[in-house]
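**Student:** Numbering (our numbering), first residue to last: 263 to 619. The C-beta atom is built at its ideal place from N, Cα and C for all residues, glycine as well.
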């Protein structure tokens with residue numbers, strides 16, 4: 263590919279611009295915070311079901327976990343197809359629900375149909391979150407979240423994932439009335455930009471290692487959704503073998519495939535630092551190369567890894583997913599370039615999945 267691919271690539275430009283999008287989205291959401299608090303309050307006692315497809319499902323996993331951590335409201339993350347095919351396993355008569363469909367375009371067939379089914383057959387209200395507030399999904403929903411977003415032209419989702427995740431964090435902060443979280447949210451874009459500038463070279467270095475054939479991403483809690491999305495980005499952009507697991511589940515069978523051709527990325531969280539450190543040591547002994555993402559000096563103390571990304575330690579598990587994700591996107595991008603693959607045109611994929619159903 264052209265040596266100037268970074269300047270030409272839509273995907274690259276959309277990865278590195280996303281922090282500007284966060285600022286614009288937060289500014290708009292903050293201006294409507296009283297209204298947002300008012301419309302969410304009646305649903306405080308319901309189970310919030312976050313749902314989507316592909317990247318948006320992994321967004322649902324991370325967003326649901328973070329929203330529950332912030333608010334204490336019970337959350338679930340469900341693929342939209344499950345609502346279409348096994349709705350009775352999602353919506354039972356003993357509970358009340360709010361469905362939160364997530365979609366970059368707001369036109370993904372399963373997500374739109376799932377929201378329609380939830381409302382029509384189970385009388386579940388919907389709160390749509392999309393980068394396109396005029397989409398069918400948003401317009402048809404009982405509630406919708408609106409924020410400015412420069413449309414992505416690349417097939418793969420990058421800034422749309424993080425911007426929608428940040429919007430959910432903002433909603434959680436409003437319901438929880440956490441001023442500390444609000445202060446951190448205002449700083450997250452600038453800090454993320456600094457982290458990207460500091461570690462992009464490392465992502466390029468790792469991606470250039472031609473001995474690597476398999477990529478594994480591990481995380482717990484909200485970081486499990488981030489691990490899943492990191493693996494998907496590696497698959498989509500670079501057509502590489504990439505898998506993801508809950509961190510400690512990797513011991514229970516999958517680690518039998520770890521060898522010197524495997525890069526294992528461990529996304530540490532505060533409650534799992536001790537477990538993650540031991541896991542890194544054990545997997546390194548199997549010959550795998552280890553990349554660790556950690557929060558601050560304390561979070562990475564004693565970690566044995568080939569590569570270490572250390573983000574500022576005062577953001578914690580609520581905001582570290584926002585700091586980790588852009589670098590994981592860059593890792594996938596640089597791997598694609600190393601393999602002479604155009605990440606703007608992933609094989610067999612389109613920006614929106616529409617089905618005749």
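Between 415, 376 and 310, which lies nearest to residue 607 when the distance is taken from Cα to Cα?
**Tutor:** The residue given as residue 607 occupies position 345 in the chain shown. Checking every option, the nearest Cα to that of residue 607 belongs to 415.
**Student:** Exposed or buried, what is residue 306 when buried is set at 16 or more other beta-carbons lying within 10 Å of its beta-carbon?
**Tutor:** Here residue 306 corresponds to residue number 44 of the chain shown, with the count starting at 1. That one is exposed.
**Student:** So is residue 495 buried or exposed if we call it buried at 16+ other beta carbons inside 10 Å?
**Tutor:** For the purposes of this step, residue 495 is identified with residue 233 of the chain shown, where counting begins at 1. Taking all protein chains in view, the Cβ of residue 495 is crowded by 16 or more other Cβ atoms within 10 Å, so the residue is classified as buried.
**Student:** Which of the three DSSP states is assigned to residue 405 in this structure?
**Tutor:** Taking the chain shown and counting its residues from 1, the one referred to as residue 405 is at position 143. In this structure, residue 405 counts as strand in the three-state DSSP scheme.
**Student:** Please work out which residues of its chain come closer than 8 Å, Cβ to Cβ, to residue 516, disregarding the five sequence neighbours upstream and downstream, and give them in chain order.
**Tutor:** Here residue 516 corresponds to residue number 254 of the chain shown, with the count starting at 1. Beyond the five residues adjoining it in sequence on each side, residue 516 comes within less than 8 Å, by CB distance, of 478, 505 and 507 in the same chain, given in chain order.
**Student:** Residues in the same chain with beta-carbon distance under 6 Å from residue 263, minus the five sequence neighbours each way, listed in chain order, please.
**Tutor:** Within the chain shown, residue 263 is the residue found at index 1, counting from 1. Summary for residue 263: the model assigns pLDDT 40, below 50, so the residue's position carries little reliability; its value from the coordinates is reported in the next sentence. Take residue 263, set aside five residues on each side of it, and the residues of its chain with a beta-carbon closer than 6 Å to its own are 602, in chain order.
**Student:** According to DSSP, residue 572 sits in a beta bridge with which residue or residues?
**Tutor:** Position 310 of the chain shown, counted from the start, is the residue given in the question as residue 572. Looking at the DSSP assignment, residue 572 forms a beta bridge with 556.
**Student:** How many Å lie between residue 395 and residue 469 at the Cα?
**Tutor:** What you label residue 395 is simply residue 133 of the chain shown in a count that begins at 1. What you label residue 469 is simply residue 207 of the chain shown in a count that begins at 1. When rounded, the distance between both Cα atoms is 36 Å.
**Student:** Tell me which residues share the same chain as residue 644 and place their Cβ nearer than 6 Å to its Cβ, disregarding the 5 neighbours each side in the sequence.
**Tutor:** Here the chain has residues from 263 to 619 only, and residue 644 is not among them.
**Student:** Going by beta carbon distance, what residues of the same chain come within less than 6 Å of residue 591, once the five residues before and after it are set aside?
**Tutor:** In the chain shown, counting from the first residue as 1, residue 591 sits at position 329. So the qualifying residues of the chain are 277, 420 and 495.
**Student:** Whose C-alpha, out of 412, 502 and 529, is nearest the C-alpha of residue 509?
**Tutor:** Translated into the one-based positions of the chain shown, residue 509 becomes position 247. Comparing Cα positions, the closest option is 529.
**Student:** Judging by CA-CA distance, which residue of 545, 543 and 555 is the nearest neighbour of residue 245?
**Tutor:** The requested residue 245 is not part of the displayed model; the chain covers only 263 to 619.
**Student:** Could you compute how far the alpha carbon of residue 600 sits from the alpha carbon of residue 454?
**Tutor:** Position 338 of the chain shown, counted from the first residue, corresponds to residue 600. Position 192 of the chain shown, counted from the first residue, corresponds to residue 454. Cα to Cα, residue 600 sits roughly 24 Å from residue 454.
**Student:** Under three-state DSSP, which class holds residue 520?
**Tutor:** Within the chain shown, residue 520 is the residue found at index 258, counting from 1. In the structure shown, residue 520 sits in coil (DSSP, three-state: anything other than H, G, I, E or B).
**Student:** Is residue 413 buried or exposed, if buried means 16 or more other CB atoms sit within 10 Å of its CB?
**Tutor:** Within the chain shown, the letter at position 151 stands for residue 413. The residue is exposed, with fewer than 16 neighbouring Cβ atoms inside 10 Å.
**Student:** In whole angstroms, give me the CA-to-CA distance for residue 265 and residue 451.
**Tutor:** One-based indexing of the chain shown puts residue 265 at position 3. One-based indexing of the chain shown puts residue 451 at position 189. Because residue 265 carries a pLDDT of 47, less than 50, the predicted location of this residue cannot be relied on, and the following value inherits that uncertainty. Approximately 29 Å between the Cα atoms of the pair.
**Student:** Over the uninterrupted alpha helix (DSSP H) stretch that includes residue 567, give me the two end residues.
**Tutor:** As a working note, residue 567 is residue 305 in the chain shown. Here residue 567 belongs to no alpha helix (DSSP H), and DSSP marks it neither H nor E.
**Student:** If you draw a straight line from the alpha carbon of residue 482 to that of residue 534, how long is it in whole angstroms?
**Tutor:** One-based indexing of the chain shown puts residue 482 at position 220. One-based indexing of the chain shown puts residue 534 at position 272. Near 8 Å, if we compare the C-alpha coordinates of residue 534 and residue 482.
**Student:** Does residue 439 come out as helix, strand or coil in the three-state DSSP assignment?
**Tutor:** Here residue 439 refers to the residue found at position 177 when the chain shown is read from its first residue. In the structure shown, residue 439 adopts coil according to DSSP, grouped into three states.
**Student:** Touch check for the segment 291-309 and the segment 461-468: three-plus C-beta pairs under 8 Å?
**Tutor:** no
**Student:** From 573, 565 and 285, pick the residue whose C-alpha is nearest to that of residue 458; which is it?
**Tutor:** Counted from its first residue, the chain shown places residue 458 at position 196. Selected option, being the one with the closest Cα: 573.
**Student:** Out of curiosity, what's the CA-to-CA distance linking residue 545 and residue 575?
**Tutor:** Residue 545 sits at position 283 when you count from the first residue of the chain shown. Residue 575 sits at position 313 when you count from the first residue of the chain shown. Between residue 545 and residue 575, the C-alpha separation is close to 25 Å.
**Student:** Using only CA atoms, which one of 410, 332 and 293 lies nearest to residue 287?
**Tutor:** Position 25 of the chain shown, counting from 1, holds the residue named residue 287. Closest by alpha carbon: 410.
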